[in-house]
Amino acid sequence: MTAFLINLATLAAISGILASTLNFIVGYAGIFSVAHAVFFGLGAYGGAQVALLLVPNPFLACLVAAVIAGGLSLCLALPALRVRGEYFVAASLGLQMVAATLFAELKPLTGGIGGLVGIPRPEILGTIVPVLPLALAALALILWATARLQRGTFGRTLQSIRDADSAAESLGKNVNAAKTLAVVFACAGAGVAGALYALHLSFINVESFTLDQSIQIMAMVIIGGAGTLWGPLVGAVLLLSLPAVISFIPFIPPTEVGAVQQIIYGTAMTLLMIFRPAGLLGDMSKGKSTA
Amino acid sequence: MLFLQLLLNGLQTGAIYALTAAGFALIFGATKIFHVAHGTAFTIAGYVFLFAWGAGWPSWLGVLASIAAAMVFGIVMERLVYRPIQRHEGSFFTVFVAAFGVSIVVQNIIGMIAGRGFATVDTPLSFSAEILPEIFVAPMLWISLATAGVLFVALTLFLTRHPAGVALRALAQNPDLIRTYGLSSNGLSVLAFAIGSALAAPAAIVTAMTTGLNEAIGHHVMLISIAATIVGGIGSLRGAALAGMMLGIAESLALTVVDTQWAEAVSFLVLFGFIIFRPAGIFGVTQTR
Chain A
-19 MTAFLINLAT LAAISGILAS TLNFIVGYAG IFSVAHAVFF GLGAYGGAQV
31 ALLLVPNPFL ACLVAAVIAG GLSLCLALPA LRVRGEYFVA ASLGLQMVAA
81 TLFAELKPLT GGIGGLVGIP RPEILGTIVP VLPLALAALA LILWATARLQ
131 RGTFGRTLQS IRDADSAAES LGKNVNAAKT LAVVFACAGA GVAGALYALH
181 LSFINVESFT LDQSIQIMAM VIIGGAGTLW GPLVGAVLLL SLPAVISFIP
231 FIPPTEVGAV QQIIYGTAMT LLMIFRPAGL LGDMSKGKST A
Chain B
22 MLFLQLLLNG LQTGAIYALT AAGFALIFGA TKIFHVAHGT AFTIAGYVFL
72 FAWGAGWPSW LGVLASIAAA MVFGIVMERL VYRPIQRHEG SFFTVFVAAF
122 GVSIVVQNII GMIAGRGFAT VDTPLSFSAE ILPEIFVAPM LWISLATAGV
172 LFVALTLFLT RHPAGVALRA LAQNPDLIRT YGLSSNGLSV LAFAIGSALA
222 APAAIVTAMT TGLNEAIGHH VMLISIAATI VGGIGSLRGA ALAGMMLGIA
272 ESLALTVVDT QWAEAVSFLV LFGFIIFRPA GIFGVTQTR
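In structure tokens form, the structure reads like this:
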């Protein structure tokens, strides 16, 4: 039971990182990316390769993951500078589909469909450490950074870009630089989450980095409340505990648990958008411009 | 010879893509709603036909049932999901998430009822015959090309000649002026959803008879429709249909260079290129978005 709870807590912390970093670009900068799982995946493969080929040092794995995901996030920043709204969603959908194919096909780097197996446990100074404290520390760091950035000049600039980018530009804000920085920060965070995920499970494959995963992260942000600090975290915990709760309901056959879970969160997404578009923790008056 | 064979296969895929993309483009052009559940209308239509076929209904009845199911789905989406959201002035992203939620729900319900994995309708129409040395063509190719052609001509005539069609084009250009002329923009947007969704049904039936359906095919259809609409130029039906055809052919011809699993990626590389270098698409007017 404790092992089950520790596993759930670790996955919740990792999802919390993913949801918080996605919220940073969706909620504050108005960049609606449905390609977050791509950067989660890049980090996971990067971190896993560091652990497999070099040393299973979690800090090095996270650093490499953040550099790879942050660097390649320019693929997402480029369309974000060019287009907005539906066009950007379409571009990020395209990026997600191409990346999933790449993950499945680049066998030397990603192990193909079979994935990477036997990723060593993380070690610090020769002792094996569990991933949970590392994930919690990373989550705390990202929440702290988000809160700081949100209140500072950078966050204000982003919010002004979200609401009216030409107005922000006319006030002398460098819109392109701010958007790019926001995307790099968010994607590097997703990369760290990926490295922790790989070290925690010791096994990764492309299944975890597909469009479904991107939509699930998006659902966490939307259900919790985009543009709030704690909303995405609440959404992550809710969506992750859903399968556990469903498996305790006796009349659902175990083979259908996944489908029932998806139906519940699909319904929740639709109903929330109709009746409470700002999410559970969102401010209704502000929500209209945010979500 | 391989090239010609792939070109013919591409034409068939392209006809399917052109029909679904034209439906999506019609809805998006007239109502400005980014209908990401369009692929779901396709899935529902396909499975209704599959069940009708399985139950031994005559095929014309199955076709009618499938078209009706797609239309009902489109109208229900407009009335129960998009209308309430637009009433409180939700942004495009609210609409996107709500529609995506619906598509997840329908996909899983279909998976639970019909079972997961590919299902096909077996018909002699999809048996290939050798028409030229090493070129195999099934009657379905001609049927799907003819269907796409006839429907597209009918749609063009409707939009240019029929008063309701002209009103739909007017709605696309200036919704406020429509109201000034005493036309109901609500009624017209229901009409756009009905016609747009109905266009997905023939494509779904052709797919069910050839490559087969699975419960997740709606995602793929939706993505292709979005890609074709953007590549063709938002607001241009002709552009969307042409781009759908081009994407189908490109996916097929790409097989001379790469393996099958890359086919979908080809479409998205084209889309990505257009978004970065020519966001207005082939026929689109440059808009600031």
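So the sequences go chain by chain: A and B.
Numbering-wise (my numbering), the first sequence opens with residue -19 and increments by one.
Numbering-wise (my numbering), the second sequence opens with residue 22 and increments by one.
All C-beta atoms in this analysis are idealised placements derived from N, C-alpha and C, irrespective of residue type, glycine included.
Item	Value
Within-9 Å CB hit, A/P257 to chain B	yes
B/E99 at chain A interface by Cβ criterion, 9 Å	no
Enclosing beta strand (DSSP E) for B/I303 [first to last residue]	Counting along the chain, B/I303 falls outside any beta strand (DSSP E), and DSSP gives it neither H nor E.
Inter-residue Cα distance where the pair is A/P274 and B/I88	No answer is possible for residue 274 of chain A: the residues shown for chain A start at -19 and end at 271.
Residue-chain proximity (B/M267, chain A), Cβ-Cβ < 9 Å	no
Contacting residues, own chain, Cβ-Cβ under 8 Å from A/L191 (five flanking each side not counted)	V14, A17, L73, Q76, M77, A80
Any 3 or more C-beta pairs closer than 8 Å across the stretch 226 to 240 of chain B and the stretch 62 to 75 of chain B	yes
Pair within 9 Å by beta-carbon distance, B/G217 and B/I48	yes
Residue range of the unbroken beta strand (DSSP E) whose run includes B/V5	Only positions 22 to 310 of chain B appear in the structure, and residue 5 of chain B is not among them; the question remains open.
Cβ of A/K268 within 9 Å of any chain B Cβ	Since pLDDT at A/K268 reaches only 43, below the 50 mark, its modelled position is unreliable, and the value read off the structure follows with that caveat. Yes, its Cβ sits closer than 9 Å to a Cβ of chain B.
Residues in the stretch 1 to 15 of chain A having any Cβ partner in chain B nearer than 9 Å	V6, G10, F12, V14
Cβ neighbour criterion (16 or more within 10 Å) applied to A/F20	buried
Whole-angstrom distance between A/V172 and A/R101, CA atom to CA atom	16 Å
Alpha-carbon spacing of B/G31 relative to B/T277, whole angstroms	12 Å
Length-filtered (4 minimum) alpha helix (DSSP H) runs lying within the stretch 51 to 105 of chain B	59 to 75, 80 to 97
Element boundaries [beta strand (DSSP E), containing B/I152]	150 to 153
Per DSSP, cross-strand counterpart(s) of A/T107	A/I104
A/F1 classed as buried or exposed, judged by whether at least 16 other C-beta atoms fall within 10 angstroms	Before going further, note that residue 1 of chain A is Thr rather than Phe in the sequence given. So A/T1 counts as buried.
CB contact below 9 Å: A/A271 versus chain B	The pLDDT assigned to A/A271 is 38, lower than 50, so where the model puts this residue is not dependable; a value taken from the coordinates is nonetheless given after this. Answer yes: the Cβ-Cβ gap between A/A271 and chain B drops below 9 Å somewhere.
9 Å Cβ cutoff, A/V69 in contact with chain B	yes
Exposure of B/F293, with buried meaning 16 or more beta-carbon neighbours within 10 Å	buried
One or two residues paired with B/A140 in a DSSP bridge	B/L234
Span separating the alpha-carbon of A/A271 from that of B/H240	With a pLDDT of 38 at A/A271, under the threshold of 50, the modelled position of this residue cannot be trusted; read the value that follows with caution. Taking the straight line joining both Cα atoms gives about 23 Å.
Secondary structure of A/I272, DSSP reduced to three states	For chain A, the structure presents residues -19 to 271; residue 272 of chain A sits outside this window and is missing.
Length-filtered (4 minimum) alpha helix (DSSP H) runs lying within the stretch 43 to 91 of chain A	54 to 62, 65 to 85, 87 to 90
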